[in-house]
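Numbering-wise (the UniProt record's numbering), the sequence shown opens with residue 1 and increments by one. Structure record follows, encoded as structure tokens.
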Amino acid sequence: MHSKKVVITAQVFISGMMAFLMTGFFTILHLGLTSAMVDAWTSSFVIAWPVAFGFSLVVSPVAFMMAGRLVANRAPAPVE
């Protein structure tokens, strides 16, 4: 397992990347590739990144628990 510092730093990067990609995708989806899109995307991203980071702090322990249980319940693959 990684240190708490590494996990938090990774969550900063992951939430930033996801907020950047998701806000970009939906801004382009709604506005198309226009000059107004860049301003709208920037505004959305500035709001979305801290929200995504906060949610990632809450959701991450639950996701790791679920993944751990799922992997632990799997039977090992037969060795040939």
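Glycine residues also receive a C-beta, built at the ideal position from the N, C-alpha and C atoms. All figures in this text were calculated on a predicted structure; none of them were measured in a lab.
- [ ] For Ser3, name the three-state secondary structure that DSSP assigns.
- [x] Counting from one through the sequence shown, the residue named residue 3 turns up at place 3. Coil at Ser3, not helix or strand.
Open item on the list: At the level of alpha carbons, what is the spacing between Leu57 and Ala36?
Closed with: On the sequence shown, position 57 is the one that residue 57 refers to. On the sequence shown, position 36 is the one that residue 36 refers to. Looking at the two C-alpha atoms, the distance is approximately 32 Å.
- [ ] Run the CB neighbour count on Ser15, radius 10 Å, all protein chains shown included, and call it buried at 16 or more, exposed below.
- [x] To locate residue 15, count along the sequence shown from 1; it is residue 15. With 16 or more Cβ atoms within 10 Å of its Cβ, Ser15 is classed as buried.
TODO: Mind the definition here: the region 18 to 25 touches the region 43 to 61 only if three or more C-beta pairs lie below 8 Å; say whether that holds.
DONE: yes
Task: Three-state secondary structure assigned by DSSP to Val58 - done: The count along the sequence shown starts at 1 and reaches residue 58 at position 58. The answer is helix: DSSP assigns Val58 an H, G or I state.
- [ ] Compute the beta-carbon to beta-carbon distance between Gly68 and Trp41, rounded to the nearest angstrom, for a pair I have assumed lies under 8 Å.
- [x] To locate residue 68, count along the sequence shown from 1; it is residue 68. To locate residue 41, count along the sequence shown from 1; it is residue 41. Actually they are not in contact, since the Cβ atoms of Gly68 and Trp41 sit about 36 Å apart, beyond 8 Å.
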